[in-house]
Amino acid sequence: MEEMIGKVENLMMGEVIHMRTYQAIYDTLFSHYGPQGWWPADSAMEMMLGAILVQHTNWNNVEKAMKNVKVYRSPEELYELSLDELATLIRPSGFFNTKAKRIKSFLMWFRQYDYDVRKLRYLKRLELREQLLQIHGIGKETADVILLYAFGKPIFVVDAYARRLFKRLGFNMPDTYDAFRSDVERELPESVEIYNEYHALIVMHAKVHCKATPICTDCPLWEYCERQIS
DNA sequence: GTCCCGTCAA
DNA sequence: TTGACGGGAC
C-alpha cells in the first residue's frame, strides 16, 4: 500500500511511466545509436562464412581471417583446400581447427545448391532454418544470423548480449532459445529491417553500456532498467 | 560441465 | 603477462 502511494506521488510529481516492451527498447536504441547497417560482407557466401568465423570471437578477428579466406575467389577453390590449409587461413579467428571443420561442413552442404542462395530462397523461414541446423557446427544463433543477414528472413537473433540486456532490464526471460525468440517476434512487426537493426543495436549497446560490468552513465535505457544484477 | 584458441586492453 | 571475451558439440 505504501508502495502504491509512493508511485501515485511519483506520478503526481510528473514521473513518466516507461512501458518495458521489446518495441519500446528497440525504438529507444534506434533513436540513440541510429541505423547500424549490418552485415558487412560482399556476398551471401562471405556473410555465411563470417557467421561461422565470428562464433565465440569478435568481428576484428573475423576480418583478419576473412582477408586470408578472400584470397580464394571461388567457393570451389575453398572447398578443395585441406582442413589444415583452411585452419591456417582462419587462424586469427580462434578455434581454427574446429571452425575449419565447420566451414568444410557448410561448404559441403552449400555445394549441393551450386553455392547459389537463389536455390534456397524459396524455402520458408523455418524450413531453411531446419536445413541450416543439420550442418555440423551451425547451431541456433548462427542459423538465425544466416537466415536474417544472408537470406533476408525476418527472425530475432538471440545471443548472449540479448539475454544479458533483457534480463538486466527486468524482462521475464524464457529459459529456452526459441521461447525467447518467439516472445520478441510476437511483439514486433514481421520486418527484416527491424530484426536486422535490432540485433546490431543490441550488440552495440552491450559493448558501450551494458557490458558484463555495466556502465550506466548516460545509458539510453536507464528509465527502462531495473538493473537486475546476476 | 568441458573442450576448442587468438586478440587486445590493462 | 595475464585476464576478458565469445557458440556449439559432446
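Numbering (the numbering used here), first residue to last: 20 to 249. Positions of the beta carbon are idealized from the N, C-alpha and C atoms, including for glycine. All values reported here derive from a predicted model rather than from experimental measurement.
DSSP state of residue i mapped onto helix, strand, coil
i	result
residue 77	coil
residue 226	helix
residue 85	helix
residue 94	helix
residue 199	helix
residue 231	coil
residue 190	coil
residue 184	helix
residue 205	helix
residue 259	Past the boundaries of the shown model lies residue 259; the chain is included only from 20 to 249, so the question cannot be answered.
residue 242	helix
residue 248	coil
residue 22	Bear in mind that the predicted position of residue 22 carries a pLDDT of just 39, short of 50, making it too unreliable to give a figure here.
residue 29	Unreliable positioning characterises residue 29 in this predicted model, as indicated by a pLDDT of 48, which lies under 50. The coordinate reading is nonetheless provided below. Here residue 29 sits in helix by DSSP.
Where residue i falls, given that 16 or more other Cβ within 10 Å makes a residue buried
i	result
residue 90	exposed
residue 38	exposed
residue 216	buried
residue 83	exposed
residue 36	exposed
residue 145	exposed
residue 103	exposed
residue 75	exposed
residue 121	buried
residue 66	buried
residue 8	The requested residue 8 does not occur in the structure, where the chain is confined to residues 20 to 249.
residue 234	exposed
residue 232	exposed
residue 138	exposed
residue 127	exposed
Spatially closest choice to residue i from the options, by CA coordinates
i	options	result
residue 182	46, 100, 200	200
residue 204	187, 57, 172, 188	172
residue 167	74, 103, 147, 247	147
residue 42	60, 62, 218	218
residue 124	107, 98, 109	98
residue 49	212, 234, 133	212
residue 165	140, 180, 187, 186	140
residue 210	175, 228, 153, 223	175
residue 57	169, 207, 153	169
residue 78	239, 163, 59, 47	59
residue 180	133, 116, 230, 129	230
residue 55	240, 222, 142	222
residue 117	187, 236, 157	157
Nearest-angstrom beta carbon gap, residue j and residue i [assumed within contact, 8 Å]
i	j	result
residue 151	residue 112	Not really, about 20 Å apart at Cβ, beyond 8 Å.
residue 70	residue 161	5 Å
residue 189	residue 131	Their Cβ separation, rounded to whole angstroms, is 45 Å, which puts residue 189 and residue 131 out of contact at 8 Å.
residue 52	residue 220	6 Å
residue 63	residue 136	4 Å
residue 108	residue 88	6 Å
heavy atom of the ligand PLP below 8 Å from residue i C-beta
i	result
residue 226	Among the components modelled here there is no ligand, and therefore nothing to report on the ligand PLP.
**Asked** Curious, which full-length alpha helix (DSSP H) runs of at least 4 residues does the region 99-177 contain?
**Response** 102-108, 115-130, 144-153, 159-168
**Item:** Residue ranges of each beta strand (DSSP E) within the region 31-75, 3 or longer
**Value:** none
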